[in-house]
Each structure stands twice: as C-alpha cells, then as structure tokens.
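Input: a single structure, listed below in structure tokens.
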Amino acid sequence: MYYNNIAIMDIYADFVPQEREQQMGVISRIRREAFIRPWLKKGYSRRLANLYYKKVRADLQEDNGVPVADKKWAHSLGYLSGSIEKYDLKNTPGKYISDVDYMYLKPFNNSFTKWVGDLVTENRVLINHREHLPELYFNIIEREEKKVFLPIDTVDRKFGENYDDFIRLLDERGELVIRPDRTSANRCAYVIKRTGEDRYELKEDTACKARMSIFGNQYDAAYLLSDYPDDLPEDFEKNPCKREYYDKNSLYELISTFKYGYVIAEPYKISGEPCLLRIYAANEKLKETKLLDYYCTDLDGENVRCRAVTPSGELDGRKIGCWDEIIKTVTGIAGYISEIEYFTVSIMLTEGGFVIDSVDTNPDLPPIAHSDALNSFLLDRLEKKRETVVVTREKWWTAFKDKRFKRFVRRCCRPGIRPYMQKLWMSSVWDDFRHNKGTTLSQKLWCYKRGFLSFRIKQYGLTKDNYKSFLSDYQYHWLNRINNSYQIWINDKTTTRYVFEPYKQYLAKYYYDIIKMEGETCIKALQDIPEGFDASFDGIFALLRREKLLALKPSSGTHGDGFYRMEYADGKYLINGDEMTEDEIKSMIEGFKSIYVITEYLFMHKDLKKIYPYSVNTIRVAVVNQSAYEPKIMQTYMRIGSSSTGFTDNVGYGGICAKIDIPTGRYYCAEKIIDHKFTPCPIHPDTGVEIEGIVPNWELMKKGITDICRFMPELEYLGFDIAITDDGFKIIEINIHQDLHKVAEHSEEFKAFFRDKLALKARQYDLKKY
Numbered sequence: 006m007y008y009n010n011i012a013i014m015d016i017y018a019d020f021v022p023q024e025r026e027q028q029m030g031v032i033s034r035i036r037r038e039a040f041i042r043p044w045l046k047k048g049y050s051r052r053l054a055n056l057y058y059k060k061v062r063a064d065l066q067e068d069n070g071v072p073v074a075d076k077k078w079a080h081s082l083g084y085l086s087g088s089i090e091k092y093d094l095k096n097t098p099g100k101y102i103s104d105v106d107y108m109y110l111k112p113f114n115n116s117f118t119k120w121v122g123d124l125v126t127e128n129r130v131l132i133n134h135r136e137h138l139p140e141l142y143f144n145i146i147e148r149e150e151k152k153v154f155l156p157i158d159t160v161d162r163k164f165g166e167n168y169d170d171f172i173r174l175l176d177e178r179g180e181l182v183i184r185p186d187r188t189s190a191n192r193c194a195y196v197i198k199r200t201g202e203d204r205y206e207l208k209e210d211t212a213c214k215a216r217m218s219i220f221g222n223q224y225d226a227a228y229l230l231s232d233y234p235d236d237l238p239e240d241f242e243k244n245p246c247k248r249e250y251y252d253k254n255s256l257y258e259l260i261s262t263f264k265y266g267y268v269i270a271e272p273y274k275i276s277g278e279p280c281l282l283r284i285y286a287a288n289e290k291l292k293e294t295k296l297l298d299y300y301c302t303d304l305d306g307e308n309v310r311c312r313a314v315t316p317s318g319e320l321d322g323r324k325i326g327c328w329d330e331i332i333k334t335v336t337g338i339a340g341y342i343s344e345i346e347y348f349t350v351s352i353m354l355t356e357g358g359f360v361i362d363s364v365d366t367n368p369d370l371p372p373i374a375h376s377d378a379l380n381s382f383l384l385d386r387l388e389k390k391r392e393t394v395v396v397t398r399e400k401w402w403t404a405f406k407d408k409r410f411k412r413f414v415r416r417c418c419r420p421g422i423r424p425y426m427q428k429l430w431m432s433s434v435w436d437d438f439r440h441n442k443g444t445t446l447s448q449k450l451w452c453y454k455r456g457f458l459s460f461r462i463k464q465y466g467l468t469k470d471n472y473k474s475f476l477s478d479y480q481y482h483w484l485n486r487i488n489n490s491y492q493i494w495i496n497d498k499t500t501t502r503y504v505f506e507p508y509k510q511y512l513a514k515y516y517y518d519i520i521k522m523e524g525e526t527c528i529k530a531l532q533d534i535p536e537g538f539d540a541s542f543d544g545i546f547a548l549l550r551r552e553k554l555l556a557l558k559p560s561s562g563t564h565g566d567g568f569y570r571m572e573y574a575d576g577k578y579l580i581n582g583d584e585m586t587e588d589e590i591k592s593m594i595e596g597f598k599s600i601y602v603i604t605e606y607l608f609m610h611k612d613l614k615k616i617y618p619y620s621v622n623t624i625r626v627a628v629v630n631q632s633a634y635e636p637k638i639m640q641t642y643m644r645i646g647s648s649s650t651g652f653t654d655n656v657g658y659g660g661i662c663a664k665i666d667i668p669t670g671r672y673y674c675a676e677k678i679i680d681h682k683f684t685p686c687p688i689h690p691d692t693g694v695e696i697e698g699i700v701p702n703w704e705l706m707k708k709g710i711t712d713i714c715r716f717m718p719e720l721e722y723l724g725f726d727i728a729i730t731d732d733g734f735k736i737i738e739i740n741i742h743q744d745l746h747k748v749a750e751h752s753e754e755f756k757a758f759f760r761d762k763l764a765l766k767a768r769q770y771d772l773k774k775y
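Listed below in structure tokens is the structure:
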C-alpha cells in the first residue's frame with residue numbers, strides 16, 4: 006500500500022541528513038522503494054532506478070539556488086536540477102534527452118572501449134595516429150612487488166628500457182611528466198624537473214591542474230608537492246617518501262609507493278591558459294563517422310568557462326587554430342576504431358598545434374545545452390534500445406543467480422579466486438565426479454580436498470607423499486589472472502591484430518570483423534583486406550571465391566570452439582565440409598551473437614601436413630617473462646588433429662600431442678588421452694605416418710616468439726598457438742591462461758615460476774595456506 010501513498014513517503018518531505026536516515030532503517034528503505042517504484046513501472050531496471058535515486062538525493066543536498074519545488078518537478082521528468090537552466094527546461098520540456106535516459110543508455114559501447122582505456126594501450130592501437138597523441142617514454146608497472154620501468158617504444162627502444170635509462174633521459178631533457186596511465190578524477194600528473202647533479206624536484210603540471218579544475222576535481226589523492234594545501238581532507242594519508250628534493254634513489258622510493266599505473270611523458274608546451282576542446286563523435290554501424298558536438302572549456306580566473314564551438318571551428322567569432330587538422334585527425338581516428346560507437350575526444354591546444362589528451366567512451370553530457378545533432382543521435386539510440394532490450398524473467402533470474410554466486414564466492418571461497426574461475430572449478434569437479442569411473446569415492450574426495458581432479462591420480466601418479474610437489478587444479482584456477490590489465494591486448498583476436506601492427510607479418514591476414522550492433526549484423530573491413538572488396542556479405546563471398554579458403558572464428562574463442570572452415574570449390578560453398586548456399590551462410594553468420602573475424606586460412610608446412618592434412622597441427626609454446634626483460638620458452642608441444650577432431654587439433658577432443666625438444670625442435674613421444682591418461686600413439690591412426698621428426702623453421706619461430714614477448718614486456722605468462730608454414734610461422738592466437746599440459750613434466754624453472762606466483766598472491770591476501 007505504501008507504494009501508492011507517495012506523499013507520506015516522499016523523499017522531498019521532511020528531508021533528513023543521510024547519517025540520520027541510515028539509522029531509520031526500514032523507513033529509509035520504504036522511502037527509497039516509494040521513489041523507484043514508478044521508474045520500475047516505466048521499464049527501467051532496479052539498478053538504474055537506485056542509481057537515479059542516489060543522484061536525486063545528492064541533488065537535494067546541493068545548495069545550488071534552485072527551489073526544492075523546481076527540483077521535484079525536474080526529478081519527476083527524469084532531469085537533475087542543473088538541467089533546468091542548461092536546457093531552459095520550463096520552456097522546452099521533453100526536447101532534450103533526460104538525465105535518467107542518458108544513464109539508461111550506458112554503457113554505450115562494446116568491449117572494444119579497452120582500446121582507449123589507458124594511454125599505453127591507446128598508443129599501441131592508434132600506432133598510425135601517434136602524431137597528435139601524448140608522447141610517452143616509459144610505462145611504470147608492478148612486477149614481483151617492485152616498480153619496473155618499461156619502454157613504450159618496445160621495437161626500437163631508442164629511449165632505453167629501464168629506470169636508469171629514464172634518469173638518463175630526464176637529465177638530458179631537463180624535465181618530464183609523470184602522469185596516471187588513464188584519466189583519473191583524483192590522481193594528478195607532476196613535472197619532474199632536474200635542478201642539479203642527481204637532484205630532482207616535483208612541480209605542478211599546468212595541463213593537469215587545468216584538467217582537474219575543469220572537471221571539478223578538488224585535490225590529488227596522492228598529493229606530492231612540497232607544501233600541503235590547507236583544504237585537504239582530515240583522513241588524507243601523507244606519503245612518507247615525499248621530500249622537497251630527490252636524488253635518483255629517493256625518487257625511485259617515492260614512485261614505488263604509487264598504487265596505480267603511471268607513465269613518463271613529454272610535457273605539453275602550452276602558452277597562456279590551458280584550453281580543453283571536447284568533440285563528441287559517433288560511428289554508425291561500422292560505416293559512417295559523425296562529429297556531433299563541440300565545446301571548449303578553460304579557466305577564467307578561478308571560474309571554469311564553457312563555450313560552444315561551431316562545426317566550422319568558430320569560438321566567439323574567431324576560428325580555432327589548426328581546426329581543419331583537428332577535424333581530420335579526430336575523424337580519422339574515429340573511423341579507424343569504428344567498433345567503438347560513441348565517445349568524446351578531449352584535445353589540449355598547444356603551441357602551434359594540439360594533442361589528444363584523452364578519449365572517453367562513457368562521457369557525460371556537455372555542461373551546456375548540447376547540439377541538435379547530438380540530441381537526435383541520443384534520442385534515436387534511446388528508441389532503438391527500448392525496442393531491442395527486453396528484461397525477461399530468464400535474464401532477471403540469471404542476473405540474480407550471478408549476484409548470489411558472487412556473494413557466495415566472496416564469503417565462502419578462498420580470497421582472491423575470481424567467481425568465473427570458481428564456477429569453472431566447481432563444474433570440473435562435478436563433471437569429474439559423475440564421469441570418471443577410474444577412481445573410487447574416497448579417492449575423489451581425497452583429490453578434491455587437495456585441489457586436484459581425481460583423474461590426476463593416474464595422470465600425475467599422485468600420492469599423499471608427492472601431491473604437494475604438483476601445481477593443483479584449484480591453485481591454477483586461483484592464480485587466474487597471472488597477467489596484469491594489459492592482457493586486454495591479446496584476449497581477443499581483433500585487438501591482437503590492432504596491437505601487433507609492427508609484427509603483423511607473424512599473424513594471419515585479418516579481413517573482416519563481424520559484430521552485432523543494435524540487433525543488426527554489421528561488417529567491417531580490417532587492415533589486411535585487399536583492394537576491391539567492400540564490407541558486406543557480397544564482399545565476403547567475392548573474397549572467398551578468390552581465396553578458395555578462409556577461416557571464420559570467434560574473436561574471443563579458444564580451443565578451436567566455433568571455428569568454421571569456409572571453402573569455395575567447383576562452384577560450391579562448403580562450411581566445415583558441408584555444402585551451403587550464400588543465403589544459408591549469411592543466415593548462419595547473422596545468427597552469431599558474439600564477435601567473429603574472417604582471416605586468411607593458414608596452410609601448414611608440407612612436412613607436417615603429411616602427418617595429418619585436415620588440421621593446422623599447431624605448436625603450443627608456453628613463455629614466461631617474469632623479469633619483463635628476459636622471456637624464456639618453458640614448454641613446447643605439437644597438437645595434431647584426427648578424424649575425431651575434424652578441422653581442429655584439440656587434444657581434449659581426440660587429438661594427438663607430441664613432445665618437442667626446445668633446443669633442437671625435435672618432436673617425438675606422441676600420445677593420445679584415453680580415459681584421462683596419456684597413451685602412446687607413435688603412428689597416426691588415420692594416416693599411418695610416424696609422428697617423429699624436426700619441426701621446420703624452429704629457430705626462426707623461437708626468435709620471433711621471444712621478440713614478440715619483448716614487444717609486450719608488460720605480460721609475463723603467455724601461451725602461443727603457432728602454425729608452422731612453408732616460409733616461416735604464423736600466430737593463430739595467444740592464450741593468457743593456457744590449459745595446463747603435463748604438469749608432472751614441467752621443468753624446475755617452470756615450477757618455480759608458479760611457486761613464486763602462488764606465494765605472491767598469498768601475501769596479497771594475507772594467506773598462510775594456499
């Protein structure tokens with residue numbers, strides 16, 4: 006009944022401070038429920054309604070001169086009180102997208118937002134557009150509880166590759182900027198200035214100060230200048246390593262206290278007051294780029310001034326310098342990363358030019374009334390989302406179960422285990438319990454208690470005396486993720502192609518991206534598409550007719566799951582050997598829910614083809630780069646397909662594996678897994694060919710793989726799937742958490758790596774047993 010009696014439980018009536026309301030308990034929850042119920046009836050999710058409720062409460066607490074009655078009226082329409090004046094809301098109600106509807110549109114984009122989520126990744130992905138990006142020199146990451154300076158230029162390394170090289174560059178340049186690796190609301194950039202022999206000082210970065218002020222950020226959470234301001238919060242923690250001046254060692258000690266990622270960059274050259282230009286851009290279904298709105302923000306004394314800019318670059322009657330080059334650059338970048346549908350580009354005007362300061366894929370609306378073009382785009386997106394997004398009972402139930410499971414993991418499972426990995430572990434245990442008939446119930450329980458699946462008893466020769474010498478299945482699940490956040494470079498094939506531009510010769514040619522957008526299957530031509538083939542199904546079929554064979558696979562797939570061999574022969578189309586028409590293939594592709602790529606079909610070396618010609622027979626190469634400077638190949642083996650695996654070579658699905666001697670490339674000791682046990686298979690069961698020999702191009706492949714690991718030293722644990730070709734090798738995919746293979750045969754160095762990782766994570770979570 007209280008849902009209908011809003012007047013009694015109105016959040017505007019008898020408004021009380023938040024602290025007192027927390028003590029009110031039930032009344033507080035009833036008040037919140039009364040507010041959000043009408044929004045739930047309009048189709049908004051409970052999560053969004055709760056978020057809007059919090060924003061409304063914050064809006065009520067803010068003394069901005071707007072009467073409570075006007076605030077209440079605006080809130081009922083879905084606007085916050087700041088929109089009343091911004092949009093002249095009383096004279097134009099409903100013209101502009103409401104604040105709650107803008108919240109409903111978020112997130113605007115797919116997973117490719119990671120391309121511009123941090124400065125280092127942005128620098129890698131936009132390698133062909135670096136002219137107007139911030140000039141970066143070093144990436145500062147955490148490795149083995151120490152700060153490591155890694156080169157941004159990992160190809161030529163012309164500025165060096167470690168902390169000593171950073172100091173050398175700083176002495177040469179006189180000053181450099183240390184700034185957060187991503188846009189931050191409460192982390193500042195600082196100028197590190199050389200003031201004498203082995204003497205350095207931190208100075209205020211003019212561009213960062215303007216950036217923080219413009220976006221309403223009050224202070225730096227890690228304030229590092231020599232004198233603390235008076236207005237810092239009472240709970241502010243002062244950095245014990247902060248000094249007025251630093252030498253080489255004390256500067257490193259200070260940087261070692263930083264909790265998040267930072268980069269070393271070239272300072273912006275700004276004359277006068279910093280001016281930040283923001284451009285709103287949109288990509289329509291991978292094809293057309295539109296620039297929707299423009300405004301300029303700067304500081305007028307202590308006040309932030311925001312002014313509209315015309316599409317022709319006019320600001321207060323004068324054209325912004327370099328405007329045509331700015332538009333050309335932003336349009337070019339937007340088209341290059343057209344997988345990202347909606348974002349803003351923030352541009353800092355510098356002496357004689359400009360620099361792209363940041364890219365925001367989840368932007369707020371402009372602080373002034375936005376353009377009709379932006380408003381129309383957003384209202385159109387809103388209408389389409391309401392048509393396509395339906396919260397079914399099944400989706401609600403799935404979300405509810407996921408939330409409960411995460412709570413279970415947080416409360417009942419080992420600290421540090423990811424819910425996804427805990428679910429995989431529990432699924433594996435259940436599957437092992439039901440289907441492994443080779444162990445008794447007591448053996449199964451003994452294994453599960455110690456973190457092993459029961460088939461490992463035979464596979465590893467597990468006993469109560471030796472089980473601690475093996476990396477258990479649960480320990481490996483718990484270790485995920487071993488790599489840091491830069492694993493985003495390789496956790497989908499599309500991103501890998503963008504990041505690997507300097508080493509594209511080691512990848513298959515990437516022709517098309519296939520992405521579902523607003524319920525429609527959209528196609529993008531990628532970097533390696535030949536001239537004359539457009540981004541359409543007609544283009545795909547024309548390319549297939551020319552190439553005869555193409556590979557169609559999920560961008561984020563592993564184990565060969567979802568792989569399709571596309572073939573054109575004798576005037577017919579074949580998918581995994583089955584004849585299909587163009588319409589049937591098109592219908593199949595339109596049914597894909599995840600992102601797919603179409604690439605060159607790789608042909609293995611003629612010597613390896615003799616063993617089994619219908620799969621690529623990949624080489625798995627496990628590499629560890631624990632120091633970030635010396636990548637080492639730890640394990641190699643060949644996977645060979647069979648009639649059981651079709652066009653893939655997955656060992657778990659009936660394929661064959663053979664050891665490879667790392668120094669020589671000799672492959673031998675071929676085996677199959679039968680009832681979870683490796684069984685000798687020296688002769689291929691389908692072709693009768695002996696599985697023993699030397700892997701072609703072995704030394705070339707080893708050098709190429711270690712070069713690539715030096716190219717991305719941020720990552721320390723990688724599993725490469727390699728196709729050996731007649732003229733070299735190609736990388737099919739790179740795994741960030743590869744399947745364990747023959748743990749019992751791991752080298753002592755490989756075992757030591759996992760022991761180090763286990764001990765490190767245990768310290769992070771203060772665990773004595775792990």
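Residue numbers (the numbering used here): 6 to 775.
Note that CB positions come from ideal geometry on N, CA and C, so glycine has one too.
The structure displayed is predicted, hence computed values, not measured ones.
{"Query": "Proximity to residue 297 [Cα-Cα], best of 115, 430 and 377", "Result": "377"}
{"Query": "Inside the stretch 402–487 only - alpha helix (DSSP H) runs reaching at least 4 residues", "Result": "424–440, 446–454 and 478–484"}
{"Query": "Secondary structure, alpha helix (DSSP H): runs of 4+ residues fully inside the stretch 363–408", "Result": "377–393"}
{"Query": "Whole-angstrom distance between residue 293 and residue 379, CA atom to CA atom", "Result": "15 Å"}
{"Query": "Beta-ladder partner(s) of residue 585, from DSSP", "Result": "578"}
{"Query": "Residue interval of the alpha helix (DSSP H) (run including residue 640)", "Result": "Unbroken run through residue 640 is the beta strand (DSSP E), 637–645; no alpha helix (DSSP H)."}
{"Query": "According to DSSP, residues forming a beta bridge with residue 573", "Result": "578"}
{"Query": "Opposing strand residues paired with residue 351 [DSSP bridges]", "Result": "283 and 363"}
{"Query": "Identified DSSP bridge partners for residue 518", "Result": "529 and 602"}
{"Query": "For residue 829, the nearest candidate out of 612, 728, 260 and 404 (CA to CA)", "Result": "The question about residue 829 has no answer, for the chain in this structure spans 6 to 775."}
{"Query": "Which of helix, strand or coil DSSP assigns to residue 303", "Result": "strand"}
{"Query": "Beta-carbon gap between residue 410 and residue 428 smaller than 8 Å", "Result": "yes"}
{"Query": "Endpoints, the beta strand (DSSP E) within which residue 238 is located", "Result": "Neither: residue 238 is in no beta strand (DSSP E) and is coded neither H nor E."}
{"Query": "Residue 95, DSSP secondary structure in three states", "Result": "coil"}
{"Query": "Own chain residues within Cβ distance below 7 Å of residue 515, not counting five before or after", "Result": "502, 531, 532, 533, 602 and 604"}
{"Query": "Given 8 Å, three or more beta-carbon pairs between the stretch 633–648 and the stretch 545–563", "Result": "no"}
{"Query": "Identity of the residue in 155, 208 and 165 nearest residue 179 by Cα", "Result": "208"}
{"Query": "Rounded separation between residue 484 and residue 774 - CA only", "Result": "14 Å"}
{"Query": "For residue 133, the three-state DSSP class (helix, strand or coil)", "Result": "helix"}
{"Query": "Which of helix, strand or coil DSSP assigns to residue 655", "Result": "coil"}
{"Query": "First and last residue of the uninterrupted beta strand (DSSP E) at residue 672", "Result": "671–679"}
{"Query": "Coarse secondary structure for residue 254, derived from DSSP in three states", "Result": "helix"}
{"Query": "Contacting residues, own chain, Cβ-Cβ under 8 Å from residue 418 (five flanking each side not counted)", "Result": "427"}
{"Query": "Span of the beta strand (DSSP E), counted from its first residue to its last, around residue 702", "Result": "First-last for residue 702: undefined, no H or E at that position."}
{"Query": "According to DSSP, residues forming a beta bridge with residue 685", "Result": "676"}
{"Query": "Cβ-Cβ distance between residue 159 and residue 717 below 8 Å", "Result": "yes"}
{"Query": "Cβ separation of residue 529 and residue 343, assumed to be a contact under 8 Å, to the nearest whole Å", "Result": "6 Å"}
{"Query": "Neighbour-count burial assignment, residue 185, 16 or more Cβ in a 10 Å radius", "Result": "buried"}
{"Query": "Of the residues 269, 265 and 47, the one placed nearest residue 198, counting alpha carbons only", "Result": "269"}
{"Query": "As assigned by DSSP and simplified to three states, the class of residue 773", "Result": "coil"}
{"Query": "Where the alpha helix (DSSP H) through residue 341 begins and ends", "Result": "328–341"}
{"Query": "C-alpha distance - residue 611 paired with residue 651, whole-angstrom precision", "Result": "19 Å"}
{"Query": "Cβ separation of residue 772 and residue 420, assumed to be a contact under 8 Å, to the nearest whole Å", "Result": "7 Å"}
{"Query": "Per-residue DSSP class, three states only, for residue 311", "Result": "strand"}
{"Query": "Alpha-carbon spacing of residue 595 relative to residue 526, whole angstroms", "Result": "6 Å"}
{"Query": "Exposed unless 16 or more other CB atoms sit within 10 angstroms - verdict on residue 687", "Result": "exposed"}
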